[in-house]
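Each residue of the sequence shown is one higher than the one before, starting from -3 at the first, in this note's numbering.
For every residue, glycine included, the Cβ atom is placed at its ideal position computed from N, Cα and C.
This structure is a prediction, so every number in the text was calculated from the model and none was measured.
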Amino acid sequence: MIEAREPIIVEFPLRGEWLSPNTPGTKIPSHGTDQLGTRYAYDFIQVDWARTGWPAYRVSLPQYLLFGVLLSDYYCWGQDVYAPCDGIVVRAEDGYKERARTNLLSDMSNAYKNAHYFDPKKDDVQSVAGNYIIMECGDNVYAALVHLQTGSIQVTVGQSVKKGEVIGRVGHSGNSFAPHLHFQLMDSSDIATANGLPCAFEQYEVFQNGEWQEVVNGIPTDKDRIRFYVELPKW
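So, in structure tokens, the structure goes:
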């Protein structure tokens, strides 16, 4: 059941076409837990819509299962990430190394361990979040953009950022099953203790019945083929 609490509206933090395999539009908590402010969190990946199973990588399924996939073979790795609101950067953690390729078994094991055994009192948040940015978007509203590419963060703590500015790139750092952007709103700048806040996106499009249809203040489901572009002003 989708809860009735009014979502906070922000701009979609990516450009181009995306899929959200974990989204509060399908289930709450979207990641199966309320820990680390993830109750209403989204994951975003890019996929090949023409291939069976909508794979997020360019190689074959057997190669993925047997050998893993280089990060550069994922469609979304290195895509720009944009500020979802006007705000102030309150945390910007970079330098956490990404694994060079995905590995199904070790990544699943790592994800399970962090989901079930992470202790906010003694464990380093960066072991889960990897490289991340937290922005203050309003009173007790903080946006977290997580698992960013190593060396890609383009903002510093205390910096004022305008909605739509490039602030980093999609990566595979921390507790990441494959390159993706993890996005959430929270009531605190401390991921370890924050509560998640519901959020919707002020504008995007969904591909339905062979055409793109505009959505306003929407929450995508895990089946939606979504896209967002910003129109450049006409001079």
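{"Query": "Residue span of the beta strand (DSSP E) that contains proline 17, given as start and end", "Result": "12 to 18"}
{"Query": "Residue of Trp208, Ala140, Ala96 minimising C-alpha distance to glycine 83", "Result": "Ala140"}
{"Query": "Buried or exposed by the 16-neighbour rule on C-beta atoms within 10 Å, applied to valine 211", "Result": "buried"}
{"Query": "Three-state secondary structure assigned by DSSP to phenylalanine 63", "Result": "helix"}
{"Query": "Integer Cβ distance of proline 216 from tryptophan 73, believed to fall under 8 Å", "Result": "The Cβ separation is near 21 Å, so there is no contact."}
{"Query": "Isoleucine 5 versus proline 194: straight-line alpha-carbon distance, rounded", "Result": "9 Å"}
{"Query": "Unbroken alpha helix (DSSP H) run spanning alanine 125, endpoints", "Result": "122 to 125"}
{"Query": "Nearest-angstrom Cα separation, counted from glutamate 132 out to lysine 159", "Result": "12 Å"}
{"Query": "Exposure of alanine 96, with buried meaning 16 or more beta-carbon neighbours within 10 Å", "Result": "exposed"}
{"Query": "Complete beta strand (DSSP E) runs within the segment 144 to 185 (minimum length 3 residues, chain order)", "Result": "162 to 165, 177 to 182"}
{"Query": "Closest Cα partner of asparagine 99 within the set Gln59, Glu89, Ser123", "Result": "Gln59"}
{"Query": "Where glycine 206 sits in the DSSP three-state scheme", "Result": "coil"}
{"Query": "Own chain, CB closer than 8 Å to lysine 93, minus 5 neighbours either side, in chain order", "Result": "Thr146, Ser169"}
{"Query": "Whole-angstrom distance between phenylalanine 203 and glutamine 221, CA atom to CA atom", "Result": "At residue 221 the sequence reads arginine, which differs from the glutamine that was named. Computed Cα separation, rounded: 6 Å."}
{"Query": "As assigned by DSSP and simplified to three states, the class of glycine 232", "Result": "A question about residue 232 goes unanswered here, because the residues of the chain that appear run from -3 up to 231."}
{"Query": "Collapsed DSSP secondary structure at glycine 28 in the structure displayed", "Result": "coil"}
{"Query": "Buried or exposed (CB count within 10 angstroms, at least 16 for buried), phenylalanine 63", "Result": "exposed"}
{"Query": "Helix, strand or coil at aspartate 76 [DSSP, three-state]", "Result": "strand"}
{"Query": "The beta strand (DSSP E) enclosing phenylalanine 224, as first and last residue numbers", "Result": "222 to 224"}
{"Query": "Reference arginine 35, options Ser156, Arg47, Asp44, Thr19, closest by Cα", "Result": "Thr19"}
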